[in-house]
Amino acid sequence: MIVFEHVAKRYPGGVQALSDVNFELARGEMAFLTGHSGAGKSTLLRLIALLERPSRGQVLFEGRNIGRLSRRQIPRLRRRVGVIFQDHKLLTDRKVLDNVALPLLIAGHPWGEIRRRVRAALDLVGLLDKENMPIPALSGGEQQRVGIARAMVGKPPVLLADEPTGNLDPELSAELMRLFVTLNELGTTVLIATHDLELIKRLGRRTLKLQKGRMVDDRAGERARPEGTAS
Amino acid sequence: MTPAGGTIRTNMRGDVRAWLRRHGYSLASSIGALVRHPMTSVLTIAVLAFALSLPLGLFTALENLRQINRNFERLDSISVFLALEADAAGSRRLASRISSRNDVLAVDPISPEDGMRELAGATGLDSLDLGDVPLPWVLEVAPASGADPAALADALRTLEGVDMVVVDLAWVERLEAILAVFQRLVELLAVLFALAVLFVISNNIRSEIQSRSEEIEVMALVGATAGFIRRPFLYSGLWMGALGGLAAWLLVHAGIALLQAPVRELAAAYGTPAGLDGPPGWLLAAMLAGSGLLGVAGAWIAVSRQLARINP
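Residue numbers (the working numbering), protein chains in the order written: chain F, 9 to 239; chain E, 819 to 1130.
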């Protein structure tokens, strides 16, 4: 699904965010990406959604080298990758419903279908009763869940999450993680950047560790991969 | 129809529907932006209206002056004064001979009595006693359109029985020259103010983009194409341009309405029942389309710069 081959990313100004990163994420897999802040976790996720282009090496998505995609092809890729941002990236002047509906509006789906799918997504994250609330009226955890609903409403094959439990209490974090596991069990490939080691340990999934831009550890989960998912 | 063909047709119809839905969304979004910031929109449209009303107003003034000029051109005839001894029959013979020329439109023979009456009328005196001063027969020759009045006058001078040929074209030429200068000025101003419209709208859309940069970024992140992001702003540019053009049009009409009464009085004083004409109808359509397109162009410039930043 996702393959990194000798990927390096150097930002203008000389900051080396990633150097020679190699790994492969199979279809239907769920993995964690850890490391100190500044280790390059966000950069790695940004390369997959083509928010950045690699300086060297190649990132393959479904077999295609996405570093070579033209600007016109970027939107098509981004519709296949749902991204959950640390800072939510929600439209604060719109209602919950409109935020979650955005990817479907962009794809031009009929309004009736949009409503149905938005409600299904909101139901899954437990926010169905807040669909008409403005974003600022929600708590941090609720906003994060709106972001998740938006990322998954278009049913992308890949979900990327950047510190989704960043500033949530342990109970909410556990709840969110259960949501990711559910989505993974429904067939979505999931990659989560987090430094919540406690959580990772509990879930027992594959864990990739970045240190100063290098992949220093790739540990398979103690827990077997869910049955029925292709690798 | 095979099932496969049916599917293709259904898909195409679906694509068209999706396209229409996306456009509908952009349209609604652009109107929403105008309505959300009514003050900004009104101010921008007012600036555009003032900027556009100047060349439009000058153009209208120019058209009205042209109208006056055309009226004068009808008076642009050559006066042929015949010798005093010429009689009515001889004068009319000469008149019909001249009127058969190709470069002559019409010849109007004026008898000494008619000449006297006209003179009396023009001076405003009931009767004019010029004593024994005799008036000759005069042939008012109207040149055919396209004919060279000066050459015609020269030809007429050589005819037998002609005493004097008077052509007073200098003032007509001067007026035409002034109008030509005026027209060039209007064209220059039109170009300048068209550029002003482009920059005003571009700048306005740019600040609109800045205040909505978060939204643009989010849309790009969830897979919006450049066209989808650009479209609401292009519509906004179109609305602002077209509304500015319409407002300029109304301003010029208001100006004409205010000037109408004094101009009528002025014209009446000169004995011609002239009023002011508004700008022609085709110009309204041209202005709406033109300023609308300028608005779209301005918006395009502004959005493309922002998009290059989000899509590496």
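The beta carbon of each residue, even a glycine, is placed where N, CA and C say it ideally should be.
Computed from a predicted structure; not experimentally measured.
Closest residue to residue i among the options (Cα-Cα distance)
i               : options                               : result
residue 110(F)  : 925(E), 1124(E), 1034(E) and 1019(E)  : 1034(E)
residue 133(F)  : 15(F), 121(F) and 157(F)              : 157(F)
residue 107(F)  : 1110(E), 1086(E) and 1040(E)          : 1040(E)
residue 1085(E) : 868(E), 882(E) and 858(E)             : 882(E)
residue 852(E)  : 1055(E), 967(E), 837(E) and 871(E)    : 1055(E)
residue 200(F)  : 65(F), 56(F) and 136(F)               : 56(F)
residue 854(E)  : 101(F), 63(F) and 92(F)               : 101(F)
residue 47(F)   : 226(F), 221(F) and 122(F)             : 221(F)
residue 930(E)  : 1014(E), 985(E) and 954(E)            : 954(E)
residue 1096(E) : 1077(E), 1114(E), 1087(E) and 1110(E) : 1077(E)
residue 71(F)   : 129(F), 34(F), 191(F) and 154(F)      : 34(F)
residue 992(E)  : 884(E), 1068(E) and 1122(E)           : 884(E)
residue 226(F)  : 41(F), 129(F), 187(F) and 148(F)      : 41(F)
residue 10(F)   : 223(F), 126(F), 68(F) and 24(F)       : 68(F)
residue 847(E)  : 917(E), 1093(E), 1106(E) and 1053(E)  : 1053(E)
residue 1005(E) : 1115(E), 877(E) and 912(E)            : 877(E)
residue 933(E)  : 918(E), 915(E), 919(E) and 952(E)     : 952(E)
residue 223(F)  : 122(F), 23(F), 21(F) and 29(F)        : 29(F)
residue 85(F)   : 178(F), 164(F), 188(F) and 193(F)     : 164(F)
residue 180(F)  : 59(F), 148(F) and 191(F)              : 148(F)
residue 203(F)  : 121(F), 186(F) and 43(F)              : 43(F)
residue 1016(E) : 1062(E), 936(E), 834(E) and 959(E)    : 1062(E)
residue 129(F)  : 12(F), 73(F), 21(F) and 188(F)        : 188(F)
residue 131(F)  : 112(F), 153(F) and 120(F)             : 153(F)
residue 1013(E) : 995(E), 1107(E), 1087(E) and 1115(E)  : 1115(E)
Paired residues, beta bridge with residue i - DSSP
i               : result
residue 1031(E) : Per DSSP, none; premise fails for residue 1031(E).
residue 223(F)  : 218(F)
residue 8(F)    : There is no way to answer for residue 8(F), as the model of chain F reaches only from 9 to 239.
residue 899(E)  : 956(E) and 982(E)
residue 170(F)  : 201(F)
residue 919(E)  : BP columns for residue 919(E) are empty, so no partner.
residue 73(F)   : 68(F)
residue 97(F)   : Answer is none; residue 97(F) lacks a bridge partner.
residue 10(F)   : 33(F) and 69(F)
residue 38(F)   : 198(F)
residue 161(F)  : Answer is none; residue 161(F) lacks a bridge partner.
residue 90(F)   : 167(F)
residue 996(E)  : Residue 996(E) pairs with nothing; no bridge assigned.
residue 927(E)  : 957(E)
residue 142(F)  : 103(F)
Nearest-angstrom beta carbon gap, residue j and residue i [assumed within contact, 8 angstroms]
i               : j               : result
residue 1112(E) : residue 1059(E) : 5 angstroms
residue 895(E)  : residue 956(E)  : Not quite, the Cβ-Cβ distance comes to about 11 angstroms (not below 8 angstroms), so this is no contact.
residue 921(E)  : residue 961(E)  : 6 angstroms
residue 1008(E) : residue 873(E)  : 4 angstroms
residue 218(F)  : residue 52(F)   : 7 angstroms
residue 1135(E) : residue 1051(E) : Since the displayed chain E opens at 819 and closes at 1130, residue 1135(E) lies outside it and no answer follows.
residue 870(E)  : residue 1109(E) : 6 angstroms
residue 214(F)  : residue 39(F)   : 4 angstroms
residue 65(F)   : residue 16(F)   : 6 angstroms
residue 18(F)   : residue 50(F)   : That belief does not hold up - the Cβ atoms of residue 18(F) and residue 50(F) are roughly 15 angstroms apart, past 8 angstroms.
residue 1081(E) : residue 1093(E) : 7 angstroms
residue 105(F)  : residue 139(F)  : 4 angstroms
residue 247(F)  : residue 136(F)  : Missing from the structure shown is residue 247(F); chain F here goes from 9 to 239 and no further.
residue 229(F)  : residue 162(F)  : Their Cβ separation, rounded to whole angstroms, is 27 angstroms, which puts residue 229(F) and residue 162(F) out of contact at 8 angstroms.
residue 967(E)  : residue 985(E)  : 6 angstroms
residue 92(F)   : residue 169(F)  : 4 angstroms
residue 977(E)  : residue 912(E)  : 7 angstroms
residue 1105(E) : residue 1067(E) : 7 angstroms
Closer than 7 angstroms: residue i CB and nearest the ligand ZN heavy atom
i             : result
residue 44(F) : The model on display carries no ligand, and the ligand ZN is accordingly not part of it.
Any residues in the stretch 839-855 of chain E with a beta carbon nearer than 7 angstroms to a beta carbon of chain F? Which ones, in chain order?
839, 840 and 843
>> Tell me whether the stretch 1038-1051 of chain E and the stretch 77-92 of chain F touch, counting them as touching only if at least three CB pairs, one residue from each stretch, are closer than 8 angstroms.
In response: yes
request  = Would you list, in chain order, the members of the stretch 87-121 of chain F that have their beta-carbon closer than 9 angstroms to a beta-carbon of chain E?
outcome  = 87, 88, 89, 90, 91, 93, 97, 98, 99, 100, 101, 102, 107, 110, 111, 113, 114, 115, 116, 117, 118 and 119
Taking a cut of 9 angstroms between CB atoms, which residues from the stretch 57-83 of chain F lie near chain E?
57, 58, 59, 60, 61, 79, 80, 82 and 83
Under 9 angstroms (Cβ pairs) to chain F, residues found in the stretch 1053-1074 of chain E = none
Across the stretch 170-181 of chain F and the stretch 203-210 of chain F, are there enough close Cβ pairs to call them in contact, namely three or more that are closer than 8 angstroms?
yes
Segment contact flag, the stretch 1013-1028 of chain E with the stretch 855-866 of chain E, C-beta cutoff 8 angstroms, min 3 pairs = yes
For this session: Check whether the stretch 1100-1108 of chain E touches the stretch 900-914 of chain E, counting contact only when three or more Cβ pairs, one atom from each stretch, lie closer than 8 angstroms.
Result: no
Exercise for the section: Taking a Cβ distance cut-off of 8 angstroms, strictly less, list which residues of the stretch 1028-1046 of chain E are near chain F, in chain order. Expected result: 1032, 1033, 1035, 1036, 1037, 1038, 1039, 1040, 1041, 1042, 1043, 1044 and 1046
Decide yes or no for the touch test of the stretch 116-135 of chain F against the stretch 825-844 of chain E: beta carbon pairs closer than 8 angstroms, at least 3 of them. yes
Exercise. What are the residues of the stretch 218-231 of chain F that lie near chain E, defined by any Cβ-Cβ distance shorter than 7 angstroms?
Worked result: none
task = Check whether the stretch 143-154 of chain F touches the stretch 92-101 of chain F, counting contact only when three or more Cβ pairs, one atom from each stretch, lie closer than 8 angstroms.
result = yes
| message | To be precise: take each residue of the stretch 1106-1119 of chain E, compare its Cβ to all Cβ atoms of chain F, and keep it if any distance is under 9 angstroms. Which residues remain? | response | none
* Name, going along the chain, the residues of the stretch 146-163 of chain F whose beta-carbon falls closer than 9 angstroms to a beta-carbon of chain E. => 158, 159 and 162
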